[in-house]
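**Student:** Start counting the sequence shown at 7; every next residue gets the next number (our numbering). The beta carbon of each residue, even a glycine, is placed where N, CA and C say it ideally should be. Given the structure is predicted, the values throughout are model-derived calculations rather than measurements.
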Amino acid sequence: MTEALPASPSRVVEQANEFTWDANALEPGIALALSGGGFRAMLFHAGALMRLNELGILSRVARISSVSGGSIAAGYLACVWNQLEILDASHAFGQFQERYVVPILRFSREKIDIGDILTGLLPWTSAAEEVAASYDRSLFHNISLQNIPDKPRFVFCATNIQTGVLWRFSKPYAGDLCGGPPRQAEPAAF
Numbered sequence: 007m008t009e010a011l012p013a014s015p016s017r018v019v020e021q022a023n024e025f026t027w028d029a030n031a032l033e034p035g036i037a038l039a040l041s042g043g044g045f046r047a048m049l050f051h052a053g054a055l056m057r058l059n060e061l062g063i064l065s066r067v068a069r070i071s072s073v074s075g076g077s078i079a080a081g082y083l084a085c086v087w088n089q090l091e092i093l094d095a096s097h098a099f100g101q102f103q104e105r106y107v108v109p110i111l112r113f114s115r116e117k118i119d120i121g122d123i124l125t126g127l128l129p130w131t132s133a134a135e136e137v138a139a140s141y142d143r144s145l146f147h148n149i150s151l152q153n154i155p156d157k158p159r160f161v162f163c164a165t166n167i168q169t170g171v172l173w174r175f176s177k178p179y180a181g182d183l184c185g186g187p188p189r190q191a192e193p194a195a196f
């Protein structure tokens with residue numbers, strides 16, 4: 007697959023402004039929901055995605071929504087999606103094991119929590135910053151929302167701590183139903 011050129015910043019802003027949020031509309035296509043649960047969820051979803059690929063379903067997915075550990079799995083899938091090529095009429099991606107599963111398994115063996123928490127006690131950083139840096143260094147490699155593919159649509163979910171409602175991040179928008187219109191996604195790394 008060839009990588010699509012990123013839209014100009016002004017076009018991205020136009021697309022964000024044109025976006026309307028119709029939470030009740032159904033959209034055609036296959037969707038996946040990847041749940042939370044930390045590294046266990048990440049590993050579970052890596053196995054589930056591997057099987058969906060073997061069945062030729064993964065390449066046909068239109069939307070992938072995730073939270074917590076499922077977002078680690080989905081985020082890395084978004085990072086490598088444009089490197090995956092469909093083998094044949096089976097619709098399975100070739101080299102899925104090498105490009106997706108092996109790096110996820112390697113990442114799951116890293117011991118980042120204790121070291122990052124202890125380093126995060128230092129005055130010039132925080133545990134959250136250290137963990138984010140470890141994830142970026144080991145798995146995401148400075149990929150931002152603007153670098154992921156348009157299709158399938160990857161939607162990363164979290165809780166808005168100000169309102170307590172669902173906050174969604176995706177390439178064209180980030181927002182919730184309480185905070186007004188969705189905003190253009192910032193080009194920050196995962």
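Three or more C-beta pairs closer than 8 Å, one from the stretch 151–171 and one from the stretch 73–84: is that the case here?
**Tutor:** Enough Cβ pairs lie closer than 8 Å, so yes.
**Student:** With a threshold of 8 Å on Cβ separation, who are the neighbours of Ser65 within its own chain once the five nearest residues in sequence on each side are excluded?
**Tutor:** Hits under 8 Å: Asn59, Leu90, Ile92, His97, Ala98 and Phe99.
**Student:** Can you name, in chain order, every residue of its own chain whose Cβ lies under 7 Å from the Cβ of Phe45, other than the five neighbours on each side?
**Tutor:** Correct list, in chain order: Gly75 and Ser114.
**Student:** For Glu136, count neighbouring C-beta atoms within 10 Å of its own C-beta (all shown protein chains included) and say buried if the count is 16 or more, exposed if not.
**Tutor:** Buried is the call here.
**Student:** Name the residue from Phe175, Asp182, Ser176 and Phe162 whose alpha carbon lies nearest to the alpha carbon of Gln168.
**Tutor:** It is Asp182.
**Student:** Whole alpha helix (DSSP H) runs in the stretch 94–120 with 4 or more residues, listed along the chain?
**Tutor:** DSSP runs (the alpha helix (DSSP H)) wholly in the stretch 94–120: 108–114.
**Student:** Have a look at Val171 and Ala95 and give me their C-alpha separation to the nearest angstrom.
**Tutor:** Rounded to the nearest angstrom, the two C-alpha atoms are 42 Å apart.
**Student:** Taking only the alpha-carbon atoms, compute the straight-line gap between Ile154 and Ala80 and give it to the nearest angstrom.
**Tutor:** Approximately 11 Å between the Cα atoms of the pair.
**Student:** Taking 8 Å as the cut-off, decide whether the C-beta atoms of Val67 and Ala37 are in contact.
**Tutor:** It is a contact, given that the beta carbons lie within the stated cut-off.
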